[in-house]
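Residues in the sequence shown are numbered from -11 upward in steps of one, following the numbering used here.
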Amino acid sequence: MKQLSVPHLIGIKNLQKKDLELIFETADHFKEVINRPIKKVPSLRDITIANLFFENSTRTKLSFELAEKRLSADVINFSASQSSVKKGETLIDTVNNILAMKVDMVVMRHPMVGAHKFLSQNVDAKIINAGDGTHEHPTQAILDTYSMRAKLGDLKDKKVVIIGDILHSRVALSNIYALQLLGAKVMVCGPPSLIPVHISKLGVEVEYNLEKALQWCDVANILRVQHERMDVKYFPSIREYTQLYGVNMHLLNKLGKEIVVMHPGPINRGVEITSEVADSEHAIILDQVENGVATRMAVVYLLAQQIKRL
Ligand code: CP
C-alpha cells in the first residue's frame, strides 16, 4: 500500500509531489463515499483523534470533525477558550494530558509558528497542522489545489494569482508550495505593505496592479485582510483597499476571458470581494468547502495507516 513520505502533516514544505498525488487519489475515493446515502466507512474504528483549536475556526474545525467521524474514528474536541490553558497550563502539558487518555492523532490550530513541529518532536502521536500563526495551513492548500484541479485538470503551467494580505497569510505560503510542487505558475498581488519584501525568492511573481494580475491568471485566490494580526495600519482605509484590491464584477467582465475565483473564507463581503462575485458562477468557494471534507479524510486516513497496530 502507498504511504505518505512524512510521519506528520506539519507543512506543505515537507511534502513531495507524489504525496499530493496520493492525497488527491485517496480524496477522489472519499468524495465518492460522502456522496453515497450512507456517508461513512469503518476504516478508523480503532483510532482516537483530538482536535485542539487554540484559535477560532469554522470551516477547518468542522470539516476535520466531519472527516474523522465519516472514517468512524473516535473524536474529542478541545477549545482553548474553555480549557485550563486559561489557568496557565503549557502546550506540552495540555497535549500530554490529552494523550494520557490514549489519543492517536492530534489536529491542532495554534497561533505560534512552529508549535506543530515542537509537538511532533515531543509527543507520541500523529500531528496535523490546522494552521500555525502566519506560517502554514497545509490542508487549506491541499483542498484549494484539489478544487483547482477538479475545475481545470492538470495544474502544470496554470497561472494562479493570490490576492490580498499575503504578509499575514498562512494560506498564501502553503498554496505557493503546493502549486509549485504541481507545476503551476504563481503570482502574488496586493498593496506593497502587505507583500513580504523577499517573497520573489520563493519563485513567485509580484504584481501590485490588480487589473494586470487578473488579466494574467487562470485562477484568482482572494484572501481576507487579517486585521486581528495587525498591530499597525498597513493601508489608509478599508475604502481605499477595496478601491484598489477589491475584486468586483466590473473587473471580471472587462477581462474578456473566464477565470476561476476562490476564497478560503471567512469572507469580508464588500471588502476584498463583492457579494456579486462571491455568489457568481465564477466562484468555487463552496466547492472548496465541500472538498475540504474529502481531502481531510484522505490526510487523516493516510497518516493513520502509519500507526503500526492497524
Ligand atoms: N479557511 C479557514 O481556515 O477557515 P476557518 O478559519 O473558518 O477554519
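Note that the Cβ used here is the ideal one computed from N, Cα and C, for glycine as well.
- Item | Sequence-distant residues of the same chain with beta carbon closer than 6 Å to Leu155, five excluded per side | Counting from one through the sequence shown, the residue named residue 155 turns up at place 167. Cβ neighbours of Leu155 beyond the five flanking positions: Leu182, Pro184.
- Query: How many whole angstroms separate the CB atoms of Asp7 and Leu(-8), which I take to be in contact at a CB cut-off of 8 Å?
  - Reply: The residue you call residue 7 lines up with position 19 of the sequence shown. The residue you call residue -8 lines up with position 4 of the sequence shown. Correct: roughly 5 Å between the Cβ atoms.
- Query: How about Gln128: is its Cβ closer than 7 Å to a heavy atom in the ligand CP?
  - Reply: The sequence position of residue 128 within the sequence shown is 140, counting from 1. True, at least one ligand heavy atom lies under 7 Å from that Cβ.
- Comparing the CB of His45 with every heavy atom of the ligand CP, is any distance shorter than 7 Å? In the sequence shown, the residue the question calls residue 45 occupies position 57. The amino acid occupying residue 45 in the given sequence is Ser; His does not appear at that position. Yes, Cβ of Ser45 sits closer than 7 Å to a heavy atom of the ligand CP.
- Message: Could you tell me the alpha carbon to alpha carbon distance between Glu269 and Asp275, rounded to whole angstroms?
- Response: In the sequence shown, counting from the first residue as 1, residue 269 sits at position 281. In the sequence shown, counting from the first residue as 1, residue 275 sits at position 287. Cα-Cα distance, rounded: 11 Å.
- Query: With respect to 7 Å, is the separation between the Cβ of Gly152 and the closest non-hydrogen atom of the ligand CP below this value?
  - Reply: Working through the sequence shown from its first residue, we reach residue 152 at position 164. False, no ligand heavy atom lies under 7 Å from that Cβ.
- Message: By the three-class DSSP mapping on this structure, what secondary structure does Val301 have?
- Response: For the chain, the structure presents residues -11 to 298; residue 301 sits outside this window and is missing.
- Excluding the 5 residues preceding and the 5 following Gln306 in the sequence, name in chain order all residues of the same chain whose CB lies nearer than 6 Å to its CB. Since the displayed the chain opens at -11 and closes at 298, residue 306 lies outside it and no answer follows.
- Query: Closest by CA to Ile22, which one among Glu216, Leu59, Val176?
  - Reply: As a working note, residue 22 is residue 34 in the sequence shown. It is Leu59 whose Cα lies nearest to the Cα of Ile22.
- In the structure shown, what three-state DSSP assignment does His346 receive? Beyond the ends of the chain as shown, which are -11 and 298, falls residue 346; an answer cannot be given.
- Query: When we look at the beta-carbon of Asn85 and count the other beta-carbons within 10 Å, is it buried (16 or more) or exposed?
  - Reply: Numbered from its first residue, the sequence shown carries residue 85 at position 97. Per the 10 Å Cβ criterion, exposed.
- Message: Less than 8 Å between the beta carbons of Ile116 and Ile11, yes or no?
- Response: Taking the first residue of the sequence shown as position 1, residue 116 is located at position 128. Taking the first residue of the sequence shown as position 1, residue 11 is located at position 23. Not in contact: Ile116 and Ile11 (Cβ atoms no closer than 8 Å).
- Secondary structure, alpha helix (DSSP H): runs of 4+ residues fully inside the stretch 194 to 267: 198 to 204, 226 to 233, 237 to 242, 263 to 266
- Got a sec, what are the start and stop residues for the alpha helix (DSSP H) Val174 sits in? As a working mapping, residue 174 is identified with position 186 in the sequence shown. From DSSP, Val174 is part of no alpha helix (DSSP H) but of the beta strand (DSSP E) over 173 to 177.
- Using the C-alpha atoms, what's the distance from Lys146 back to Trp204? Your numbering for residue 204 matches position 216 in the sequence shown. Your numbering for residue 146 matches position 158 in the sequence shown. So the alpha carbons of these two residues sit roughly 10 Å apart.
- Message: Is the beta carbon of Val213 closer than 8 Å to that of Ile229?
- Response: Within the sequence shown, the letter at position 241 stands for residue 229. Within the sequence shown, the letter at position 225 stands for residue 213. Note on identity: in this sequence residue 229 is Tyr, with Ile being the wrong assignment. Yes, Cβ-Cβ distance for Tyr229 and Val213 is below 8 Å.
- Glu43 - DSSP class collapsed to helix/strand/coil: As a position in the sequence shown, residue 43 is number 55, starting the count at 1. In the structure shown, Glu43 sits in coil (DSSP, three-state: anything other than H, G, I, E or B).
- Task: Indicate, with yes or no, if the ligand CP has a heavy atom lying under 7 Å from the CB of Gly253.
- Result: Taking the sequence shown and counting its residues from 1, one reaches residue 253 at position 265. Yes, the ligand CP has a heavy atom inside 7 Å of this Cβ.
- Message: Quick check: what's the CA-CA separation for Ile210 versus Lys19?
- Response: On the sequence shown, residue 210 is found 222 positions in, with the first residue counted as 1. On the sequence shown, residue 19 is found 31 positions in, with the first residue counted as 1. In a straight line, the C-alpha of Ile210 is about 25 Å away from that of Lys19.
- Task: Note down, in chain order, each residue of its chain lying with its Cβ closer than 8 Å to the Cβ of Ile187, except the 5 sequence neighbours on either side.
- Result: Translated into positions along the sequence shown, residue 187 becomes position 199. Ile154, Val176, Val194, listed in sequence order.
- Which of helix, strand or coil does DSSP assign to Asp120? Taking the first residue of the sequence shown as position 1, residue 120 is located at position 132. Asp120: strand per DSSP, three-state reduction.
- Item | Start-to-end residues for the alpha helix (DSSP H) that takes in Asp7 | For this step, residue 7 is matched to residue 19 along the sequence shown. Its alpha helix (DSSP H) spans residues 5 to 21.
- Identify the continuous alpha helix (DSSP H) that holds Ser162 and give its terminal residues. For this step, residue 162 is matched to residue 174 along the sequence shown. Element bounds for Ser162: 158 to 169.
- Item | Through-space distance from Val220 to Leu167, alpha-carbon basis | Within the sequence shown, residue 167 is the residue found at index 179, counting from 1. Within the sequence shown, residue 220 is the residue found at index 232, counting from 1. Between Leu167 and Val220, the C-alpha separation is close to 31 Å.
- Got a sec: does the ligand NAD put a non-hydrogen atom nearer than 7 Å to the Cβ of Lys49? As far as ligands go, the structure on display features the ligand CP and does not contain the ligand NAD.
- Would you identify the three-state DSSP class for Val288, choosing helix, strand or coil? Mapped onto the sequence shown, residue 288 falls at position 300. Helix, per DSSP.
- To which residues of the same chain is Met237 closer than 8 Å at the C-beta, ignoring the five residues directly before and after it? Here residue 237 refers to the residue found at position 249 of the sequence shown. The answer, listed in chain order, is Thr262, Glu264, Val265, Ser268.
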